[in-house]
Each structure stands twice: as structure tokens, then as C-alpha cells.
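One gets the numbering used here by counting positions in the sequence shown from 1 and adding 126 to each.
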Amino acid sequence: MSLRVGIPILSDKFLCFCNVRNAKMYDLDGDEMNICSVAVVGGGTMGAGIIYTISNLGVPVIFKELNENLVKKCQDQVNRIYASAVNKGKITEEEMKKGLKLIHGDSDYKGFEKVDLVIEAVPEDVVIKERIFQEMDRICKPEAIFAINTSSHLI
């Protein structure tokens, strides 16, 4: 069964698996979950790659950075990722245009209250990560899934 191929995402309600090839998520019972919109906190290298991947799957994605300069820097990085994918023949110009239209960045959490999935992509600082998840818990709808992006912290 290919259910467990993809990205494991742990929520306080359940563990689900995101199949990045078809933009579908499944709970542990194998039931498909509807993920119609995604938010990313942090627009650095990792955040830009996540934003590209989600938007390239046809899912609207909003992202938050600390200020407008960093918002622009992230958007520029995503544009470069898309341009590289076009140059390598991985996607068409039309697919790039469609994907880029699905992205909106800001320096606040506007729109986060509506998303189905929030992916954190901030520096490896547990204090920052904890603060972000506290803010997300306050802002997001109760059924939203929070995903942590970490390589060095135990969760």
C-alpha cells in the first residue's frame, strides 16, 4: 500500500501522510482528507521550496515572513525555482504562470484563519517554533493541521 509514501505530518488529532505527487492527504484509516489551502510560516530556502512544491501541485499557498523585504526575497526565490524548472523542461511556462498565481506572501497572518494546513519553516530555534505554534493555535481554525519542519529538534 502506498499510503505511507510521502511526508508524515503529526497533528494533535491524528497522524496523516501527504502524498506530494497527487496533493492528497490521508488519515491513519486511509481516508482521504481535503486540503484546499496551505500556509507556510517562513520564506527562507526551505520555505521557498515548500511554497513552490505546494503551488506547483495546484494548491493555493500563502506565506508569512517578518517584513516586506523578506516577503519579496522569498517570492523572488520561488520565481527562480519556477524558472529553473521551466528551463530544465520539468514544467511548462503555462504551469509556471498557474503556480505563481496561487502564491501570496505577507508580513502578517492575514488569511491563516482559513487554511487547512500550516507548515512551519523557520530557523532551528525551539523558542521561535514554540511561539509560532502558539500563534497558529490562536489564529487558525480548530481543524487546521500544523506541521513542523525540523531536522534537529525532537518533537
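Note that CB positions come from ideal geometry on N, CA and C, so glycine has one too.
All values derive from a computational prediction rather than experimental measurement.
Answer yes if the region 230-247 comes into contact with the region 207-218, meaning at least three C-beta pairs across the two stretches below 8 Å, and no otherwise. The region 207-218 is not in contact with the region 230-247.
May I ask you to verify whether the region 252-269 touches the region 171-180, counting CB pairs closer than 8 Å and requiring at least 3? Cβ pair count under 8 Å is below three, so no.
Evaluate Gln201 with the Cβ neighbour count: other Cβ atoms within 10 Å of its Cβ, from every protein chain shown; 16 or more gives buried, anything less gives exposed. Counted from its first residue, the sequence shown places residue 201 at position 75. Buried: at least 16 other Cβ atoms inside 10 Å.
Mapping the DSSP letters down to three states, classify Asp242 as helix, strand or coil. As a working mapping, residue 242 is identified with position 116 in the sequence shown. Shown here, Asp242 sits in coil according to DSSP, grouped into three states, outside any helix or strand.
Suppose the cutoff is 6 Å on Cβ atoms and the five residues either side in sequence are ignored; what does the same chain contact list for Met127 look like? Taking the sequence shown and counting its residues from 1, one reaches residue 127 at position 1. With a pLDDT of only 25 at Met127, under 50, the local geometry of the prediction cannot be trusted, and no value is derived from it.
Going straight from the alpha carbon of Ala270 to that of Glu219, what length do you get? Counted from its first residue, the sequence shown places residue 270 at position 144. Counted from its first residue, the sequence shown places residue 219 at position 93. If I take the Cα positions, the gap works out to 32 Å.
Drop a sphere of 10 angstroms on the beta-carbon of Gly215, count the other beta-carbons inside from all chains shown, and report buried for 16 or more, exposed for fewer. Within the sequence shown, the letter at position 89 stands for residue 215. Classification of Gly215: exposed, given that the 10 Å Cβ count is below 16.
Using the DSSP secondary-structure output, state which residues sit across from Met222 in a beta bridge. For the purposes of this step, residue 222 is identified with residue 96 of the sequence shown, where counting begins at 1. DSSP output for Met222 lists no bridge partner at all.
Roughly how many angstroms lie between the CA atoms of Gly237 and Ser181, to the nearest whole one? Numbered from its first residue, the sequence shown carries residue 237 at position 111. Numbered from its first residue, the sequence shown carries residue 181 at position 55. Roughly 16 Å separates the two Cα atoms.
Count the other C-beta atoms from every protein chain shown that fall within 10 angstroms of the C-beta of Leu243, then say buried if there are 16 or more, exposed otherwise. On the sequence shown, residue 243 is found 117 positions in, with the first residue counted as 1. Result: buried.
Quickly, what does DSSP pair Gly231 with across the bridge? List them, please. Residue 231 sits at position 105 when you count from the first residue of the sequence shown. Answer is Phe189.
State the beta-bridge partners of Phe272 as determined by DSSP. Counting from 1 along the sequence shown, the entry for residue 272 is found at position 146. Under DSSP, the beta-bridge partners assigned to Phe272 are Val244.
Cβ shell of Lys139 (< 6 Å), same chain only, five flanking positions each side left out: Residue 139 sits at position 13 when you count from the first residue of the sequence shown. Annotation note: pLDDT 39 at Lys139 (below 50); position unreliable, coordinate value reported separately. Around Lys139: no qualifying Cβ.
Given a threshold of 16 other Cβ atoms within 10 Å of its Cβ, counted over all protein chains shown, does Cys266 qualify as buried or as exposed? Numbered from its first residue, the sequence shown carries residue 266 at position 140. Residue environment for Cys266: buried (at least 16 other C-beta atoms within 10 angstroms of its C-beta).
Use the C-beta contact count for Glu246: other C-beta atoms within 10 angstroms, 16 or more gives buried, fewer gives exposed. What you label residue 246 is simply residue 120 of the sequence shown in a count that begins at 1. Burial check for Glu246: the Cβ neighbour count within 10 Å reaches 16 or more, so the residue is buried.
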